[in-house]
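The block underneath contains the structure these notes are about, expressed in structure tokens.
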Amino acid sequence: MSYFERVDDAAYRATKDVGGAWDTGTQHIAPALGLLAHVVERDRDARRTDGLVVGRLSYDILGTIPIDVVDVRVRVVRPGRTVELVEAALSHGGRDAVLLRAWLLRPGDTAALRGTAYPRITPVDEMAPWDPSSIWPGGFIESADVRREQVEPGRAAFWVRTAVRLIDDEDVSPLARAAGLFDIANGMTVRADPRQVAFPNVDLTAHLFAEPRGEWIGFDATVTFGATGIGLTNSVLHDADGPIGTLAQILTLSS
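Under this note's numbering, the letters of the sequence shown match residues 1 to 255, in that order.
Shown next as structure tokens:
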């Protein structure tokens, strides 16, 4: 099983496993975000061998995407020896659906400086399984294996993994695999019943100070609804070694 199958060097076919949560006839955006992270890394590796790492992934979600063939393209916006800004786009039928701007940074040995005030979340093997399809429909949600520790509606820690490959018969990095799960954050601790209130996100930005390791990606998430139709889901990202970065999604609210 996979979320995408390669058609050619710049096109991929989405499978039924990308079925969306808000609309099961369109793609859940999460796998597409992972695909674009993969495209950026593949382009980097074709151009250079000096080990730049992704420090930020900033996505703008321009619209829904049918479960169909999508096209991808990538360009270097700001080349550099130690810092580089790369832009990638995913489109369908000639219309851009997702834009990504990624900062790539030169790594170095700063082990002596390592430290964070972000608290660890409960380890995955100490969290109870939770079925997200109890709230959400769609092929992508069905493919997710979730452990959750709910504090209250809109506040929870959870771990997510999937047995579904991002791309059929193609290896991807741990970062691309994790990026393909990032967007699930907005639906794992809802403040309101999604059958009564819509709260899709129109962007997603991840800042990473460590590359993810292992099959599980952890989230320490808080969902906030404002009084003027705008909300925010923000999370601290984790792997088995502890916090690795942060994630933010701006929401548009309607009922």
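Even glycine gets a Cβ: it sits at the ideal position worked out from N, Cα and C.
{"Check": "Alpha-carbon to alpha-carbon, GLY93 and THR116", "Outcome": "44 Å"}
{"Check": "Supposed contact pair ALA221 and ALA185 - C-beta distance, whole angstroms, cut 8 Å", "Outcome": "5 Å"}
{"Check": "Counted within 10 angstroms of its Cβ, other Cβ atoms place THR268 as buried (16 or more) or exposed", "Outcome": "Here the chain has residues from 1 to 255 only, and residue 268 is not among them."}
{"Check": "Simplified DSSP assignment, three categories, for ASP171", "Outcome": "coil"}
{"Check": "Coarse secondary structure for ASP131, derived from DSSP in three states", "Outcome": "coil"}
{"Check": "Sequence-distant residues of the same chain with beta carbon closer than 8 Å to LYS16, five excluded per side", "Outcome": "ILE67, GLY139"}
{"Check": "Minimum C-alpha distance to VAL83 - residue among ARG177, GLY55, LEU100", "Outcome": "GLY55"}
{"Check": "For VAL40, the first and last residue of its enclosing alpha helix (DSSP H)", "Outcome": "29-47"}
{"Check": "Separation of GLU211 from PRO107, as counted between CA atoms", "Outcome": "11 Å"}
{"Check": "Inter-stretch contact (C-beta, 8 Å, three-pair minimum) for the region 32-49 and the region 149-161", "Outcome": "no"}
{"Check": "Where ASP60 sits in the DSSP three-state scheme", "Outcome": "strand"}
{"Check": "Alpha helix (DSSP H) segments (min. 4 residues) lying fully within the region 167-212", "Outcome": "174-179"}
{"Check": "Endpoints, beta strand (DSSP E) assigned at GLU215", "Outcome": "That residue, GLU215, is in no beta strand (DSSP E); it is neither H nor E in DSSP."}
{"Check": "Beta-bridge partners of LEU85, as assigned by DSSP", "Outcome": "ARG78, TRP103"}
{"Check": "Reference LEU74, options ALA178, LEU85, GLY80, closest by Cα", "Outcome": "Looking at the sequence itself, residue 74 is Val, so the reference to Leu does not match. Per the Cα distances, LEU85."}
{"Check": "ASP239 - DSSP class collapsed to helix/strand/coil", "Outcome": "strand"}
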